[in-house]
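Chemist: The structure that follows is given in the form of structure tokens.
4 protein chains.
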Amino acid sequence: MSAPAPAGDSGHTDRAATMAQFTETRALSLRLAEPLSPEDQILQSMPDASPTKWHLAHTTWFFETFILKPHAAGYTEFDPDYNYLFNSYYNGVGERHPRPQRGMLSRPPLDDIHRYREYVDEAMAALMEDNAAWPVIAPLVTLGLHHEQQHQELLLTDIKHALSCNSLKPAYQDALMVPTVPSEMGWVDIDAGLVEIGHHAGNEAFNDFAFDNEGPVHKVWLEAFRIADRAVTNGEYLAFMADGGYRSPDHWLSDGWDMVCAEGWTAPLYWEQRDGDWWQFTLSGMRSVDPNEPVCHVSYYEADAFANWAGKRLPTEFEWELAAPGHPVSGNLMGAGHLHPVSAGERSGLRQAYGDVWEWTGSAYRPYPGFRAAAGAVGEYNGKFMSGQMVLKGGSCVTPDGHIRATYRNFFPPHARWQFSGIRLADDQS
Amino acid sequence: MSAPAPAGDSGHTDRAATMAQFTETRALSLRLAEPLSPEDQILQSMPDASPTKWHLAHTTWFFETFILKPHAAGYTEFDPDYNYLFNSYYNGVGERHPRPQRGMLSRPPLDDIHRYREYVDEAMAALMEDNAAWPVIAPLVTLGLHHEQQHQELLLTDIKHALSCNSLKPAYQDALMVPTVPSEMGWVDIDAGLVEIGHHAGNEAFNDFAFDNEGPVHKVWLEAFRIADRAVTNGEYLAFMADGGYRSPDHWLSDGWDMVCAEGWTAPLYWEQRDGDWWQFTLSGMRSVDPNEPVCHVSYYEADAFANWAGKRLPTEFEWELAAPGHPVSGNLMGAGHLHPVSAGERSGLRQAYGDVWEWTGSAYRPYPGFRAAAGAVGEYNGKFMSGQMVLKGGSCVTPDGHIRATYRNFFPPHARWQFSGIRLADDQS
Amino acid sequence: MSAPAPAGDSGHTDRAATMAQFTETRALSLRLAEPLSPEDQILQSMPDASPTKWHLAHTTWFFETFILKPHAAGYTEFDPDYNYLFNSYYNGVGERHPRPQRGMLSRPPLDDIHRYREYVDEAMAALMEDNAAWPVIAPLVTLGLHHEQQHQELLLTDIKHALSCNSLKPAYQDALMVPTVPSEMGWVDIDAGLVEIGHHAGNEAFNDFAFDNEGPVHKVWLEAFRIADRAVTNGEYLAFMADGGYRSPDHWLSDGWDMVCAEGWTAPLYWEQRDGDWWQFTLSGMRSVDPNEPVCHVSYYEADAFANWAGKRLPTEFEWELAAPGHPVSGNLMGAGHLHPVSAGERSGLRQAYGDVWEWTGSAYRPYPGFRAAAGAVGEYNGKFMSGQMVLKGGSCVTPDGHIRATYRNFFPPHARWQFSGIRLADDQS
Amino acid sequence: MSAPAPAGDSGHTDRAATMAQFTETRALSLRLAEPLSPEDQILQSMPDASPTKWHLAHTTWFFETFILKPHAAGYTEFDPDYNYLFNSYYNGVGERHPRPQRGMLSRPPLDDIHRYREYVDEAMAALMEDNAAWPVIAPLVTLGLHHEQQHQELLLTDIKHALSCNSLKPAYQDALMVPTVPSEMGWVDIDAGLVEIGHHAGNEAFNDFAFDNEGPVHKVWLEAFRIADRAVTNGEYLAFMADGGYRSPDHWLSDGWDMVCAEGWTAPLYWEQRDGDWWQFTLSGMRSVDPNEPVCHVSYYEADAFANWAGKRLPTEFEWELAAPGHPVSGNLMGAGHLHPVSAGERSGLRQAYGDVWEWTGSAYRPYPGFRAAAGAVGEYNGKFMSGQMVLKGGSCVTPDGHIRATYRNFFPPHARWQFSGIRLADDQS
């Protein structure tokens, strides 16, 4: 995920709330890293993932680069090398350290990164008290916090992958024990119509924020459709596997089947079979696969193949947004502490819409009509990602609370599996 | 391109016309191969391309497999091995020869392929006279002919690539000399509204045919937009190049820029610089790049980057379809004999909409709402291709006459450049 | 194989014999290509292999470039492009067509290559009659003929690979039927001593020729050893396979085992199992694997692993040369017409030393002490190949008669399998 | 480098000396790791290199696996997982952690590895006091210590590569300042003769040890030759570069030139040009290239190309061994503390034979005549590496004192450059 521009720039109202949010969000990042040793925090298990330490530094670099350096008079940067080391941006802000080599950054040591965070946090605290600066920086602070929340999710997602590469299969935390219950999949019917999609302007307060790619609001015509009232479970996915799901190209997109063959996929990522039973690696170590929990760590290809096998389809991102519950958002998000999807509760509306697993939609990630990327470096990389990726909706069990909403558009390539990604079915009416 | 199912199955009316079309289409394939020696016809210069000989055989296999074998009583297949050798389908119709190895098929010799075509054509002629069989096979014949037309375009597209790999840069044909004239780019304004997109059923006559992916007809809301009245020229593209188009990531999609760097792109495919001037390989050999001709052999990435650089955008496939002229279709298609795009004529409506170059749209190739792939092998591969590809519209200078229409949806991966693909700009109104 | 310089330059005596040899060798190349269609002759199935047509042209280019152009007054080259197209040399003689793209050379057509051969042969015939030129060109003619013989072997070796890629498994020729008989492996004992290795100078007559890498003659100390009196058979190799030869790393070199795993090797090249029986592709099509024939198309890795498994080792190139029978050379060479190894005859000395299969030795291909590459283009590529390759001895069933001798050093990378390469065992005495 | 079997098994005499050596060698490994943080010690910058932590653990695993577990009654292994994690052996001792994934081992933490070392050292100390066990384990202890010395060199070699990947170019230690002086290259002449090569048995005392691949002693015939009396300098190598050394294939082996082109080599590894001057990364950070120091971090390909350019050749491993000074070994080894090659001293015999840089020889790494790999796991991997690698002689500035001798055979693939490898020239007499 990139760090896109905020979608609007109207006046900001609530400084105290934002400052509190700043303190809380910055502290959460450190708290997430706490169970990890300095050695853990340097791990980079694949080019797409980043070390914990890098996430801690890069989110700090964001505040330093886009707020302190342009707006804090007399600010001295912590270390000029950091602009090169912790910059994820191609172009607007100078050269950057090659992404696949982030795991080579044993220096600067973790302690320096901690000092970097403190240094920047203090400078930010002072600047946020500055009445003259506040109106200018307010939208950037809000953006920086949402950017950091994205990296909090990635921090957990990436460290899960890194720990899974260790044959000791170490746990990040102890498991929370939850009762798991079966529950039928139901359907919600929605009528045809010309609907409005996307997020309205006026989003500078932290809680009213949206990324620029969630707008502009625009009209979309939708035919009548149905959408499943919960995510697809491991049990349902095991039936697909048992029916030869991974053994014949019948239900797969052509490039999906090529991937199955090239990578030798036979199950979701992190699953392994032991004595005939399926186990999966979680942030609490190896666990037996629970048939009632949502299936997780599947690619778009697998989600699409499953839907075809089931005689259904994936929802479009518009259908999903229209069907999703509005405020207040609730669900099995990071704050619930599971860091793993849990079984659906009793039937009532669209269950598991927020949290648990990101839900692949059948929509390619494209800019909304009328979208223009903001000028300059802060916004430059939003438009950069818009090709060959699919939209996911609803957040997951590692999405920070307060970060997700109905209009949120996440996006990944169709083969990506290391995100907490799952499946919700949809269908045409009639 | 695959061989999708016909979009409908209503009654067929004009047998004589179809039979004439059969004769003509089948003869055209051989005529296209005529300038090529048996040695030329076995060339396969990359896995995505196929040898001329393979195109000749595969299109014949289609009629044998889907029409003669199921519907011609007592039909004896020409050679049982051919089902394996000339089958492009994954699954429904048995194993197939690996695609990247098609250039290894020196046997069967070209003479045998010619005999195969005659054998099948004779059997088809007899079967089409059969009054009982006709209603059943009519839609399949029409489908088979449109399938063969797709391969006629590919035959020229693929042999162009193959000949370009020979350092002698041999010509496929002599160039037609045409006067080339500069012409301003104008704009066509179109109002907002809820429009219908796609092809209506009732398409079994050859001229009323559409592939299944062109339907169902469905409503789309479009905001007011503008669309350029001609394709982008080489001259305009040279200005992009001169302005550092290929030297900085500014205007590029992230994966587009990665491709520029990885492949070392500095110009469209087939261009090379000699003593400071740009030349391009054409089906008539090397030619100086003409500033008035449409730029051709650019990827979606290049088309998108050019549009960003120009402060515009690509049209969506819906905008393109809405703006395109209706019947009768005309333009610089294969029949014009240039086999190369030509400069736009005098201003009048949407010039160069059909023929010259396929025009990349900003739309990812996805099924239309309500689309379901037809059951069975004939239709099975349409849905298979719907991921990570972009829609192109309008046909090119190597598209057979009669094969293109406003609803036609071509699609290729965003990095593909060996098709005759170019650029038309669009913009929001206001 | 490259085209090394002749090892000496003493006076040449027998012009008539050389001219006869010229006629015969040049005619043999065409005869070898005769069963192949123009389409067959353009096939290139892997970068290491070349099309038949290229072999025909390249061997001709050698005479034109190194003899006619420098030594035939007033000679006009056939086509200036050919120097680029048919040059296999990096450096001394200008740019060259990229090796992996040789299969793209549909133009010039085969007919032109035939005319090229005639044109050069005529010019050569005239030049060889020239008394003044003869002493200068004689060693080059001899070299050119041995160079052409190398390519005759490659022509058959490469076309075998190309035809094997066609699922029709077409035959190059009909099989010669030969009785096949089992025969024990015996051993020949050889004493320790300081021996002379390599070819003496005075090699300009065709029959006394040697490549430069066969000299200088030099002393080598050898301990007492034993060498098997015939090649390892398919039957013996099948026992290795049955004992898990390809299933555990026990007997393999480290990089050999990596290759087994990466390539999924489970048998020699061209072998496939049908209903539990092993078949192999030959120049006469698919045949059942005969337990009495020498195993063929194994890599050095497989040869070495087999020897380890058998509790033996491969001979060094010095041991092999010392043990080999002297003049006259005889065996199952190309002239015997089998183009496939045959079972060993009755026991008598070192059977199958010449012909049947090239025998991998345990010697890395390095220059002999005192070796210096000849200056200039003719010799430049001999030294170029001396790294990471292993020496093979004795020729094969596709080696032209008259081309092989005890001092001949062939060399290929340890993973190469498409040559007609097999195994002879050796052991220390005591 | 692997851990080969000791070359002999005669009676062992000096227990106290070995125990002292044990203490010293084990302590040295920790001392080498001391300047490195836990984060540094997990770095793995390429599959061929290993993290510092892994070296510390693997050398300990060796003593546990081959001495304590079989020979210390009642020994309890430290952690059963370690056999999998820190085993570098394919086959004899169970499964192992994939080599390219060693950098993922954040767990067990470094502290555990330190405890592991203490635990094993204590058990070893006790076992070595055991009179009954001593005769059995003595040769294994000696082997284990030489094995650990190999890994001490690799530890420095690998961390140099890892630190070089950090754009901060951090130093491992401060540089020792040494005066650098120019010195002519002289030549040493050696007569022809039948010589003995290799290490005699009786090698169980630490100082009389040799690896099995250094034997058996065998006779080799050598012609008269000359060998340079010092290593090639940076200044001499810069002349090669200035003469277009990396810009034309003239002096290169064919596969060497392919590597130059594929990798874009223009200088030795770790060199970079800044404002026209050449700098190199060292264990003391970036330094200007000193023309008097030996050139270092060149591949065999570069060494061979340089020698050809200079009109000389590389020595064979036999020539090198014959020419090398005998006991006592001295030179710029690890103990000198430079960890970087230094300029040659005044002329006297074969300078820089030991230490400074490993010297590529023209000999492929093959077993000596009569060599048989020892049975069982300790010895199993010696023979495994004998293909496609070249022999290096003499040790380097990171070779532990006491580890090198004239008969020592190091070996690496011809493209390897991350070792401290350089060049010594040789030539034929006459």
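Residue numbers (numbering that gives the first Met the number 0), protein chains in the order written: chain A, 0 to 429; chain B, 0 to 429; chain C, 0 to 429; chain D, 0 to 429.
Cβ coordinates follow ideal geometry from the N, Cα and C atoms, glycine included.
(1) Hey, out of D:A230, D:E320, D:E271, whose CA is closest to F419 of chain D's CA?
(2) Pick out the complete beta strand (DSSP E) segments inside the segment 335 to 365 of chain D, 3 residues or longer, and give them in chain order.
(3) Per DSSP, T232 of chain C forms a beta bridge with which residues?
(4) Name the chain C residues whose beta carbon is nearer than 7 Å to that of L193 of chain D?
(5) What residues in the segment 299 to 323 of chain B bring their beta carbon closer than 9 Å to a beta carbon of chain A?
(6) Skipping 5 residues on each side, what residues in its chain have a beta carbon closer than 6 Å to that of Y118 of chain B?
(7) I need the boundaries of the beta strand (DSSP E) containing K218 of chain B, first residue and last residue.
(8) When DSSP labels each residue in this structure, what does S283 of chain A get in the three-state scheme?
(9) Check each residue of the segment 251 to 276 of chain B: if its Cβ is closer than 9 Å to any Cβ of chain A, include it; give the result in chain order.
(10) Looking at H217 of chain A and P366 of chain A, is the spacing between their C-beta atoms short of 7 Å?
(11) The alpha helix (DSSP H) spanning R114 of chain D covers which residue range?
(12) Could you work out which residues of chain D lie near A223 of chain C, taking near to mean beta carbons separated by less than 8 Å?
(13) My output table needs one value for E100 of chain C: the three-state DSSP class, helix, strand or coil.
(14) Tell me whether T22 of chain C is buried or exposed, calling it buried when 16 or more other Cβ atoms sit within 10 Å of its Cβ.
(15) Within the 7 Å Cβ cut-off, does E38 of chain D reach chain A?
(16) Starting from K159 of chain B, trace the alpha helix (DSSP H) both ways and give me its first and last residue.
(17) Which residues of chain B have a Cβ atom closer than 7 Å to the Cβ of I112 of chain C, listed in chain order?
(18) Spatial neighbours of T432 of chain D within its chain, please: C-beta separation below 7 Å, excluding the five flanking residues on both sides.
(19) For N307 of chain A, collect the residues of the same chain with a Cβ closer than 7 Å to its Cβ; drop the 5 residues on either side in sequence, then sort them by chain order.
(20) Flag A376 of chain C as yes if its beta-carbon sits less than 7 Å from any beta-carbon of chain D, otherwise no.
(21) Give a yes or no on contact between the segment 333 to 348 of chain C and the segment 283 to 302 of chain C, applying the rule of three or more CB pairs nearer than 8 Å.
(22) Does any C-beta atom of chain C lie closer than 7 Å to the C-beta of W186 of chain B?
(23) Give the C-beta separation of A132 of chain D and S44 of chain D to the nearest angstrom, bearing in mind that I take them to be a contact with Cβ-Cβ under 8 Å.
(24) Start and end of the alpha helix (DSSP H) containing A302 of chain A?
(25) Please tell me whether R106 of chain A has its Cβ less than 7 Å away from any Cβ of chain D.
(26) Spell out whether any CB of chain A is found under 7 Å from the CB atom of A363 of chain B.
(27) Measure the CB-CB distance between A302 of chain A and W359 of chain A and report whether it falls below 7 Å.
(28) If you reduce the DSSP assignment to three classes, tell me which class R416 of chain C lands in.
(29) Spatial neighbours of H402 of chain A within its chain, please: CB distance less than 6 Å, with the 5 preceding and 5 following residues excluded, ordered by chain position.
(30) Applying a beta-carbon distance threshold of less than 8 Å, which residues of chain C neighbour C295 of chain B?
(31) Do W186 of chain C and R225 of chain C have their CB atoms nearer than 7 Å?
(32) Against chain A, does S166 of chain D count as a neighbour if the rule is that its beta carbon must be under 7 Å from one of theirs?
(33) Relative to the C-alpha of P413 of chain D, which candidate in D:G394, D:M389, D:R95, D:H146 has its C-alpha closest?
(34) In angstroms with no decimal places, state the Cα-to-Cα distance between K52 of chain A and A304 of chain B.
(35) Does any residue of chain B have a CB that is nearer than 7 Å to the CB of D427 of chain A?
(36) Excluding five sequence neighbours on each side, which residues of the same chain lie with their C-beta closer than 8 Å to the C-beta of G284 of chain B?
Modeler: In terms of the structure at hand:
(1) As a first step, residue 419 of chain D must be located in the fourth sequence, where it is residue number 420. Of D:A230, D:E320, D:E271, the residue nearest in Cα terms is D:A230.
(2) 357 to 363
(3) Here residue 232 of chain C corresponds to residue number 233 of the third sequence, with the count starting at 1. Its beta-bridge partners are C:P293.
(4) Counted from its first residue, the fourth sequence places residue 193 of chain D at position 194. Ordered by position in chain C, the residues that pass the 7 Å Cβ test against L193 of chain D are L193, W220.
(5) Listed by position, the residues of the segment 299 to 323 of chain B near chain A (Cβ gap below 9 Å) are Y299, Y300, D303, N307, R312, T315.
(6) Numbered from its first residue, the second sequence carries residue 118 of chain B at position 119. Taken in chain order, the residues that qualify are F77.
(7) As a position in the second sequence, residue 218 of chain B is number 219, starting the count at 1. Where K218 of chain B is concerned, the enclosing beta strand (DSSP E) stretches over 217 to 221.
(8) Indexing the first sequence from 1 puts residue 283 of chain A at position 284. Coil, per DSSP.
(9) Along the segment 251 to 276 of chain B, the positions whose C-beta sits under 9 Å from a C-beta of chain A are W251, L252, S253, D254, G255, W256, read in chain order.
(10) Sequence index remark: in the first sequence, residue 366 of chain A carries index 367 (1-based). Sequence index remark: in the first sequence, residue 217 of chain A carries index 218 (1-based). No. Outside cutoff.
(11) Numbered from 1 along the fourth sequence, position 115 holds the residue referred to as residue 114 of chain D. R114 of chain D -> alpha helix (DSSP H) spans 109 to 127.
(12) Position 224 of the third sequence, counting from 1, holds the residue named residue 223 of chain C. Within chain D, no residue comes near A223 of chain C; the closest Cβ sits about 10 Å away, beyond 8 Å.
(13) For the purposes of this step, residue 100 of chain C is identified with residue 101 of the third sequence, where counting begins at 1. Inspection of the sequence shows that residue 100 of chain C is occupied by Gln rather than by Glu. The answer is helix: DSSP assigns Q100 of chain C an H, G or I state.
(14) Your numbering for residue 22 of chain C matches position 23 in the third sequence. Label assigned to T22 of chain C: exposed.
(15) For the purposes of this step, residue 38 of chain D is taken as the residue at position 39 of the fourth sequence. E38 of chain D counts as touching chain A.
(16) One-based indexing of the second sequence puts residue 159 of chain B at position 160. From DSSP, the alpha helix (DSSP H) with K159 of chain B extends over 133 to 163.
(17) Here the question's residue 112 of chain C lines up with position 113 in the third sequence. The CB of I112 of chain C never comes closer than 7 Å to any CB in chain B; the least such distance is about 11 Å.
(18) Given a span of 0 to 429 for chain D in the structure shown, any question on residue 432 of chain D remains unanswerable.
(19) Indexing the first sequence from 1 puts residue 307 of chain A at position 308. H250, listed in sequence order.
(20) By 1-based counting over the third sequence, the position of residue 376 of chain C is 377. The pLDDT assigned to A376 of chain C is 49, lower than 50, so where the model puts this residue is not dependable, and the model offers no usable value.
(21) yes
(22) As a working mapping, residue 186 of chain B is identified with position 187 in the second sequence. Under the Cβ distance rule, W186 of chain B does not count among the residues neighbouring chain C, no pair being separated by less than 7 Å.
(23) Reading the fourth sequence from its first residue, position 133 is the one you call residue 132 of chain D. Reading the fourth sequence from its first residue, position 45 is the one you call residue 44 of chain D. Contact doesn't hold; Cβ gap of about 40 Å is too wide.
(24) Translated into the one-based positions of the first sequence, residue 302 of chain A becomes position 303. Under the DSSP assignment, A302 of chain A falls in the alpha helix (DSSP H) whose first and last residues are 299 to 308.
(25) Working through the first sequence from its first residue, we reach residue 106 of chain A at position 107. Chain D, which has a Cβ nearer than 7 Å to the Cβ of R106 of chain A, makes this yes.
(26) The residue labelled residue 363 of chain B in the question sits at position 364 within the second sequence. With 7 Å as the cut-off, A363 of chain B counts as an interface residue toward chain A.
(27) Here residue 302 of chain A corresponds to residue number 303 of the first sequence, with the count starting at 1. Here residue 359 of chain A corresponds to residue number 360 of the first sequence, with the count starting at 1. A contact, by the Cβ cut-off of 7 Å.
(28) If you number the third sequence from 1, residue 416 of chain C lands on position 417. Note: R416 of chain C maps to coil in three-state DSSP.
(29) Residue 402 of chain A sits at position 403 when you count from the first residue of the first sequence. So the list reads Q148, once near-sequence residues are dropped.
(30) Counted from its first residue, the second sequence places residue 295 of chain B at position 296. Near C295 of chain B there are no residues of chain C at all, since even the closest Cβ is about 22 Å away, more than 8 Å.
(31) Here residue 186 of chain C is taken as the residue at index 187 of the third sequence, counted from 1. Here residue 225 of chain C is taken as the residue at index 226 of the third sequence, counted from 1. Yes, these two residues count as a Cβ contact at 7 Å.
(32) Stepping through the fourth sequence from its first residue, residue 166 of chain D is reached at position 167. Yes, because at least one Cβ of chain A sits closer than 7 Å to the Cβ of S166 of chain D.
(33) As a first step, residue 413 of chain D is located in the fourth sequence; it is residue number 414 there, counting from the start. Ranked by how close their Cα comes to the Cα of P413 of chain D, the residues D:G394, D:M389, D:R95, D:H146 have D:M389 in first place.
(34) Here the question's residue 52 of chain A lines up with position 53 in the first sequence. Here the question's residue 304 of chain B lines up with position 305 in the second sequence. Roughly 34 Å separates the two Cα atoms.
(35) Here residue 427 of chain A corresponds to residue number 428 of the first sequence, with the count starting at 1. Yes, its Cβ sits closer than 7 Å to a Cβ of chain B.
(36) As a working mapping, residue 284 of chain B is identified with position 285 in the second sequence. Correct list, in chain order: K168, P169, A170, A174.
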